[in-house]
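Engineer: In the numbering used here, the protein residues as written are 742 to 1240. Just so it is clear, CB atoms sit at the ideal spot from N, CA and C, and this is done for glycine as well. Sharing a structure here in structure tokens format.
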């Protein structure tokens, strides 16, 4: 017996040492990553950018992670505290050994579960740092949508943040519901083969409270989903559509309020320990989700939109076009449609008040080695209206803008010596760049250059920068590069192309 006690004590000590060493290694790797990233951004003159990102990540990791872990642990502790004192029944004999196993270590298990769940939740939350910063530093555009009369800044900066918050909270409630249900079943508050009832009053109130919170939060999510109708992609255009306005919008509003009503019914049922009414209400709500949220929009689309898209969607498409023009600063442009022949178009180009005339926008030009879409128009180049070809070509993983004169006369007048314009000519003629807009660099590697090199990077002269870099890249050779500079090889993720 004494030997077994000593062995158990040694096993516990070894386990604690192993956990401590693992935690220390994780902390070292994270610290090395943070230090090397900060050094890299500092070498580029953007240390404040990384500091703000790091602050946002830390806020989400510690704040949201701690709240998530504490909420789950609190519900587990509450389920343990509400356990019945004496329980019996045939099914409980099978789980007695599990209860006996957890009874001596339930406090340590509670802390361990809270910490692990909190760390995982914090890690997930920290990836949404851009959403937090957009919400924190976003502002109004002073342009409102015609349906909810909300400023455009709400849809760009605020709505994504509230979606994240509600989804994060919903995850915490669902995990808490599963954990609390397991605890009540383990300690007899929930029984599948009851002697008198399935749920004790305390367990029923606990689970019903979590369920009511889930329903209320679901109502909030449905309410927020209504605003997504203004920007959601569609088959013909993005934004509010006929089905969205006449079916999805009222349907989501009704389902949001029904969720709140079901939550109230669930609380009343728990207080009166009469579950029949709440069961019926939840079943009817599930039917309403299918009927109002799925079937009714499909029926309306088939009856009102299919085959009548032009008449049904005309007003909504006009609103979308107006919003798009406002977003790109084109709301002051006057468009006039005329029926004209080629000579008439050339006459229009001579008008000094006209800067560009669009003609055929679907001209196939396979002989030029471009994509099938080539846009043709008249642009003022060197003070003269000139017919121009513009196209987009995929090159080296990027969408590159290409331009050329549409006629030999135009090329001759500009003294062009090649078929397609160079990037400098694009900038000179049209004031645009052939390179797409790139942001959000993603790490792909690193390199070591001499200290005298003009390439941007951070110095490896101090031991701690070499240590951080060696740990970051798992390269012990970096310890010997004291007179060098480290340069990260970064690939750029293309957000969009502005031509």
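Taking all protein chains shown into account, decide if residue 1124 is buried (16 or more other Cβ within 10 angstroms of its Cβ) or exposed.
Structural biologist: Exposed, since its Cβ has fewer than 16 Cβ neighbours within 10 Å.
Engineer: DSSP state of residue 940, grouped into three classes?
Structural biologist: In the structure shown, residue 940 sits in a strand (DSSP, three-state: E or B).
Engineer: Could you say if the stretch 859-872 and the stretch 964-971 meet the contact criterion of at least three C-beta pairs nearer than 8 Å?
Structural biologist: No contact exists between the stretch 859-872 and the stretch 964-971.
Engineer: Between residue 776 and the rest of its own chain, which residues show a CB-CB distance below 6 Å, the 5 nearest in sequence each way excluded?
Structural biologist: If we look at residue 776 and ignore the five residues flanking it on each side, its Cβ neighbours are 1209.
Engineer: With respect to the alpha helix (DSSP H) encompassing residue 1062, which residues constitute its N-terminal and C-terminal limits?
Structural biologist: Run containing residue 1062: 1050-1068, per the alpha helix (DSSP H) assignment.
Engineer: May I have the straight-line CA-CA distance separating residue 1003 from residue 780, to the nearest angstrom?
Structural biologist: The alpha-carbon atoms of residue 1003 and residue 780 are separated by roughly 54 Å.
Engineer: Just the Cα atoms here: how many angstroms apart are residue 947 and residue 814?
Structural biologist: About 14 Å.
Engineer: Of all the alpha helix (DSSP H) runs that stay within the bounds of the stretch 845-883, which reach a length of 4 or more residues?
Structural biologist: Those alpha helix (DSSP H) runs which fall completely within the stretch 845-883 and span 4+ residues are 847-867 and 870-878.
Engineer: Could you give the DSSP three-state label for residue 1146: helix, strand or coil?
Structural biologist: Correct three-state label for residue 1146: strand.
Engineer: Which same chain residues, not among the five before or five after residue 995, have their C-beta less than 7 Å away from its C-beta?
Structural biologist: So the qualifying residues of the chain are 1033.
Engineer: Buried or exposed: residue 1070, going by 16 or more other Cβ atoms within 10 Å of its Cβ?
Structural biologist: It is exposed - the Cβ of residue 1070 has fewer than 16 other Cβ atoms within 10 Å.
Engineer: State the DSSP-derived secondary structure class of residue 1252, mapped to helix, strand or coil.
Structural biologist: Nothing can be reported for residue 1252: it is not among the residues displayed for the chain, which extend from 742 to 1240.
Engineer: So what does DSSP say about residue 976, is it helix, strand or coil?
Structural biologist: In this structure, residue 976 counts as coil in the three-state DSSP scheme.
Engineer: Assuming residue 1058 contacts residue 1045 under a Cβ cut-off of 8 Å, what Cβ separation, rounded to an integer in Å, is found between them?
Structural biologist: Residue 1058 to residue 1045, Cβ: 15 Å. No contact.
Engineer: If we count the other Cβ atoms within 10 Å of its Cβ and call it buried at 16 or more, is residue 1049 buried or exposed?
Structural biologist: Classification of residue 1049: exposed, given that the 10 Å Cβ count is below 16.
Engineer: Keeping to the same chain, check which residues put their C-beta closer than 7 Å to that of residue 1212; ignore five residues upstream and five downstream.
Structural biologist: Here the set comprises 769, 770 and 773.
Engineer: Return the chain-ordered ranges of every alpha helix (DSSP H) run that is complete within the stretch 774-832 and spans a minimum of 4 residues.
Structural biologist: For the stretch 774-832, whole alpha helix (DSSP H) runs of length 4 or above, ordered along the chain, are 788-799 and 806-822.
Engineer: Helix or strand or just coil, what does DSSP make of residue 933?
Structural biologist: Coil at residue 933, not helix or strand.
Engineer: Given this structure, state the Cα-to-Cα distance separating residue 750 from residue 759, to the nearest angstrom.
Structural biologist: Distance between the alpha carbons of residue 750 and residue 759 is about 14 Å.
Engineer: Would you call residue 871 buried or exposed, if buried means 16 or more other Cβ atoms sit within 10 Å of its Cβ?
Structural biologist: Exposed, since its Cβ has fewer than 16 Cβ neighbours within 10 Å.
Engineer: Between the alpha carbons of residue 911 and residue 958, how many angstroms are there, rounded?
Structural biologist: If I take the Cα positions, the gap works out to 7 Å.
Engineer: Just to confirm, are residue 915 and residue 953 a CB contact at a threshold of 7 Å?
Structural biologist: No. Outside cutoff.
Engineer: Mapping DSSP to helix, strand and coil, what is residue 885?
Structural biologist: Looking at residue 885 - three-state DSSP - the assignment turns out to be strand.
Engineer: Report the three-state DSSP secondary structure of residue 1218 (helix, strand or coil).
Structural biologist: Helix.
Engineer: May I ask you to list the residues that DSSP assigns as paired with residue 892?
Structural biologist: Paired residues: 885.
Engineer: Taking C-alpha atoms, which residue in 1225, 984 and 852 lies nearest to residue 818?
Structural biologist: Nearest of 1225, 984 and 852 to residue 818, Cα basis: 852.
Engineer: When we look at the beta-carbon of residue 881 and count the other beta-carbons within 10 Å, is it buried (16 or more) or exposed?
Structural biologist: Its Cβ having fewer than 16 others within 10 Å, residue 881 is exposed.
Engineer: Here's the rule I'm using: 16 or more other beta-carbon atoms within 10 Å means buried, otherwise exposed. How should residue 1107 be labelled?
Structural biologist: Model confidence at residue 1107 stands at a pLDDT of 37, short of 50, so the residue's coordinates are unreliable and nothing is read from them.
Engineer: To the nearest angstrom, report how far apart residue 1102 and residue 1118 are at their CA atoms.
Structural biologist: In this prediction, residue 1102 scores a pLDDT of 41, lower than 50, which makes its location untrustworthy; the coordinate-derived value is nonetheless stated afterwards. Residue 1102 and residue 1118: Cα-Cα distance of roughly 8 Å.
Engineer: Tell me where the alpha helix (DSSP H) around residue 1041 begins and ends.
Structural biologist: Run containing residue 1041: 1037-1041, per the alpha helix (DSSP H) assignment.
Engineer: Going by alpha carbons, who is nearest to residue 917 out of 887, 949, 1127 and 890?
Structural biologist: Among 887, 949, 1127 and 890, the Cα nearest to that of residue 917 belongs to 949.
Engineer: Straight-line CA distance for residue 1062 to residue 1039?
Structural biologist: So the two alpha carbons sit approximately 25 Å from each other.
Engineer: Let me make sure I understand the geometry here. Which of 757, 929 and 869 has the alpha-carbon closest to that of residue 823?
Structural biologist: Nearest option by C-alpha distance: 929.
Engineer: Determine the direct distance from the alpha carbon of residue 800 to that of residue 793, and round the result to whole angstroms.
Structural biologist: Going from the Cα of residue 793 to the Cα of residue 800 covers about 11 Å.
Engineer: Mind checking who residue 999 pairs with in its DSSP beta bridge?
Structural biologist: In the DSSP output, where bridge partners are listed per residue, residue 999 has none listed.
Engineer: Does the Cβ-Cβ distance between residue 784 and residue 1198 come in under 7 Å?
Structural biologist: Yes; because the gap between Cβ atoms is below 7 Å, this pair is in contact.
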